[in-house]
Structure formats: structure tokens, C-alpha cells
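Report on the structure given below.
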Amino acid sequence: MIKKEKVIVSIVSVLIIIIGFMLLFNRKKIENILKNNKSISKIYENSEKKKNEKIFDIKLKDGKLKRILESLSPDKMEMAVSILKDGKLVDFINNPDIASYSENTDYNKAVENAKVIKGLKELALLSPELGKYFKEDLIKSNFDNNIKTIENRPEVIKIKDRITKLLPIKNSKDTFDQLSEENLIEISEILSKSPITVEFVEKKDMKKYDLEEIVEISKTLYKIGNVNPSLAIEIEEMLKGFDIRKAALYGDLYVQDEKYEKELKKEYEEKNYTFEDPFIRYNPYGRTPLAYGMKYEPSSDTELLKVTIMGIGGMPNFSYEKKYVSGDILPIVGLYPKVENIVLIEQLNPNDKKVIKSKKLKLKTIPIDDKLPAIYIEKRVPGSIQPGFNLASYNLKDEGLPFAFDSMGNIRYILKTGKEMRKVKIEKEDSGVWEVKNDEDKFQLDILGKILGRIGRDDEDAASKNKKTKYLIRNNNILTVVSYRDEAYPTALFSEYGLDSKDEIFKAIIFYDKNGADENIIEDGERVVLYEGDSEN
């Protein structure tokens, strides 16, 4: 009998355990059944609400916070209870010691603190009242800044340790210690995009890198130096005379030239080019959209070439001469936009200038940039105008776009100096060479836009005159350039006056697209011989 009772007890125990496990694993299912059953759902909700309110009452001190939590829907109350299982979060809510959190420098503690803030933000999502409570009652000042500081602290601690190792610059450790967390994060983000800079700072051997890599290093270090003046000085001392600012600001221009040079060399070496079958490249350096370059292997050391651009729309032919040697690229400039230009290339006898052989080219050009102004020729007296092109130092808000136009208003040459050089003034330095100046530097570019070099600072006049006059010695004329006229339509003016004829012989009105001299202006203008042998009228 006793044995039988033991068996029954054992069976019942096993059944109880099984039922217990079933209840445990099907709790959610059972809860859902209770919730969805109309007759008992209200009883269940009230029971759960009282249970959760009791949890809030036990864990939290502040009555206002408890009331806000108790006003939540049943589902959100459950979420709040789940979030408040984090004891450190509960401790923070009951005793928000912001100072200890913000000033902490221990990494593991910072990770714990960031987790607490994550929980706080999750609670704030449950209702606007909770977010308002945390902002106005819990953390009463600089809520957003304090939260961001605590959230970022683990990464900042790692960054500070990492940066001093990644940038072993003399005296920089003290500087890093004094930087704000935002500065440290900014420097870390800059460095993360340029592993080659980290390598350079460690080895400090600039000779190891090519031009493109040097520019990347310079731009990265220049950005880091901009974060803090002391850091900029330390970087400058480390580089020992290397002008990091110039490399950072203008380096891309040289990288672009090098890229085009490599492309030109590669294409040119693919076959043997002759005068009869030359290598022709449109806009060879990407800065002169109304120009071509021509290249071939000459039969003698030096050949004299004549380039003639056939006139269009009543304009005379434009021609110039150029001595050509092996390795040169012959500039073909003064082309008309958006047409197929007929260009005659002639090889001349250097002694008597007789034509030895010639070749006709058909060269297509694109429309001019929409950023350029419209030109209206109000007056033109052929034969009296001094030959040449009207060169305009045209600037937009943040870049220069110098151009040259003929006596009928056709834009025939454009030099895209780009945003790197900012606003510029352009002057003819020599045959086929421009001097381009911005607010602090001078550059030399050839007529195809290749940079020949930077020639240092230029002390520009403090104020640029709106009206300039130039004496045109050959025809005894005066050219007046007015940079900006604020009329019904904003304009500039090129006017040529004959000192012998006592009359205006040329007048070009340039219409700007935008109001305001800071948006578009011709800073300066002059009459120039575009290239050697220029015969344009």
C-alpha cells in the first residue's frame, strides 16, 4: 500500500513539473488569451497595472515620475518595467549625479554610463511627458549637451588614447588633453579617412609619396590644424618648411595636371603621329573648353607652324605662329563656341615664311558655360579698333572664370581657374603664358591651362577701382573698362575711344546674370594679343 502511494505521489509530482514547464513556456500565449478574452481582459489589465505600479513605487522615489509612468497604456507600462530592470538606470534616476558622469575618465565606467543614458532615452520615447520630465526635472540644465557628452565619452576616451599614438607630433599630447570632446571626435573622423596620413606622421618621409598622396596628406593635416591653432603650429614645425597650406589649397590643381599629362603621354605613345596624321586632343588640361592641343613627331629639330582659325559671321581669320619642337603640344586657341571650326595648320619655311605643307582640321566645340555673361556689341568701327581680344577677369561668388571675346562679342577663349584659386585677376605675362592672381598668390599658366608654377604672394591694392582706363599705343586709343554698372540690368562696359578720331569706336555691354557685384563682376579688363602673330581685328 505504501509502495502504491509512493508511485502515485511520484506521478503527481512529475505531472506538476510538466504542467509548470508548460505554463512557463506558454506564458505569453496564456497572457494573450487573457488579454483577448473580453470577459476577463479588464480584470487581467487591472491586475497587471497594480503589479507594475507596485514596481514603480518600490524602485522610484519621485512621485511625479511615478504618476507619469502610471498614466501610460498597459503595453507601455510593461516596456517601462522592462527598461527599469537596469539597476544602474534606476540609481541614476533616483540620484542624477551628472557631474560624476560627465567628468568620468575611466573607459569601463563610461561604457556603463552610456548604457544608462541609452535606457533613459528609451524611457523618454514612451511619452512626451517623460521626455519633458527628464529635461526639466531630472537634468535641469544643458540636458542635450550633458546627454551627448555622456554618450560620446567611451569613444572620446578611446580616441584620446588612439590619437596620441596615431599622431606622434612633438608636444601634441598636451594639446590633445586640452581639446574639447567635439574637437577630438572631429580629428578622429578626419584621420579615419586617410590612413596614409597616419603612416606619414609616423615615418615623416615625404619622398616616399607621389604627388596625389602628398596632397591627401597635406589636406588632412591642414584640416586637423584648423581644429586648433596650437595643433596647427605643431604640425607646421613637424613639416620643417613644407608649405602645407598651399599644398592643401592648390594641390588638387597639380594632381589634375599630372593626371592629364599621363593620359596624354599614354595616348600619344600608342602610335606614330606625323604632321599629316597628328594627335589631336580637345581641352587637354580640362581648363580651356574653347581650345585643342595638337602633337606629332617633327621631321626636323624645330619647325615653324602657323595656325589659322577661319572667321565666322563676318569676323576675319585669326592666325598666329609657333615654333614647334619634339615633345611640344601645339595650342589651337581662339575657336568659336558650339560650331565646327575650320582650322588651317601650315608648316612654314623659317627664312621666307613660304608654306611647305598644310593640313586642314575640323574641330568641334561645345556651348559656353551658362555662368558666363551675355555680350552685346553696341558700336564697332572696323579698321580703327586696336587688334586683339578683350580679356575679362570675370569672377563669380567663389570662383574665377576669365574669358576673352572678339570685336563682334564672340567669346573665343575661356580659362576655368576653378574654386581652388577663388576669385582671380588675369594678365598676359608672356607669349602663351598667363599670370593669374588671387587675393594672396600668383600663378603662371600656359594658354592651354597647364599650371607652370606658383610665384608667391602678391600685394594687391586694397581697393579695386570700378573704372579703369588703358592706353592702346598701337592705334592711339583709350580703352575704358567699367566693372559693374547697377542699372535696370546689371552690366559691365568695354569702351574704346579714338584719340585721333575723337570718337568712340567700340562699345561692348556685358550683361550679368545676377544682381550684386559680389555675385558676378569683371574685376579688370584689357586688350591683348591672344597668341604670337595675332592678326585679329
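Numbers given in the working numbering equal positions in the sequence shown, counted from 1, plus 38. Glycine residues also receive a C-beta, built at the ideal position from the N, C-alpha and C atoms.
Sequence-distant residues of its chain with Cβ nearer than 6 Å to residue i (five each side left out)
i           : result
residue 93  : 119
residue 291 : 458, 489
residue 324 : none
residue 268 : 213
residue 503 : none
residue 422 : 536, 543
residue 491 : 482
residue 207 : 272, 276
residue 445 : 418, 423
residue 316 : 332, 334
Per-residue DSSP class, three states only, for residue i
i           : result
residue 554 : coil
residue 390 : coil
residue 314 : coil
residue 101 : helix
residue 379 : strand
residue 368 : strand
residue 562 : strand
residue 132 : helix
residue 339 : coil
residue 485 : coil
residue 113 : helix
residue 279 : coil
residue 402 : strand
residue 95  : helix
residue 475 : strand
residue 534 : strand
residue 332 : strand
residue 395 : strand
residue 384 : strand
residue 480 : strand
Between the CA atoms of residue j and residue i - distance to the nearest angstrom
i           : j           : result
residue 487 : residue 538 : 38 Å
residue 289 : residue 260 : 12 Å
residue 125 : residue 99  : 14 Å
residue 385 : residue 362 : 10 Å
residue 549 : residue 535 : 21 Å
residue 159 : residue 169 : 8 Å
residue 326 : residue 373 : 11 Å
residue 63  : residue 97  : A caution first: residue 63 carries a pLDDT of 49, below 50, which makes its placement in the model unreliable, though a value can still be read off. Residue 63 and residue 97: Cα-Cα distance of roughly 28 Å.
residue 331 : residue 484 : 12 Å
residue 205 : residue 219 : 17 Å
residue 402 : residue 391 : 29 Å
residue 229 : residue 307 : 39 Å
residue 222 : residue 440 : 41 Å
residue 546 : residue 243 : 55 Å
residue 465 : residue 400 : 30 Å
Enclosing beta strand (DSSP E) for residue i [first to last residue]
i           : result
residue 258 : No beta strand (DSSP E) contains residue 258, which is instead part of the alpha helix (DSSP H) from 249-265.
residue 541 : 541-549
residue 282 : Segment 282-306 is the alpha helix (DSSP H) holding residue 282; no beta strand (DSSP E) there.
residue 515 : 515-523
residue 504 : Counting along the chain, residue 504 falls outside any beta strand (DSSP E), and DSSP gives it neither H nor E.
residue 357 : 356-363
Boundaries of the alpha helix (DSSP H) in which residue i is found, first to last residue
i           : result
residue 235 : 233-241
residue 151 : 145-162
residue 458 : 456-459
Cβ shell of residue i (< 7 Å), same chain only, five flanking positions each side left out
i           : result
residue 283 : 260
residue 436 : 457, 460
Cut-off 8 Å between Cβ atoms - residues of its own chain near residue i, not counting five sequence neighbours on either side
i           : result
residue 264 : 270
residue 167 : 106, 109
Distance cut-off 7 Å: residue i Cβ against heavy atoms of the ligand PLP
i           : result
residue 366 : Ligands in the displayed structure: none, and consequently the ligand PLP is not present.
Query - Segments of 4+ residues assigned as alpha helix (DSSP H) that fall wholly inside the segment 165-226 - result: Those alpha helix (DSSP H) runs which fall completely within the segment 165-226 and span 4+ residues are 166-171, 181-204, 210-216.
Query - Length at least 3, wholly inside the segment 416-467: the beta strand (DSSP E) runs in chain order - result: Entirely contained in the segment 416-467, the beta strand (DSSP E) runs reaching 3 residues are, in chain order, 427-434, 441-443, 449-452.
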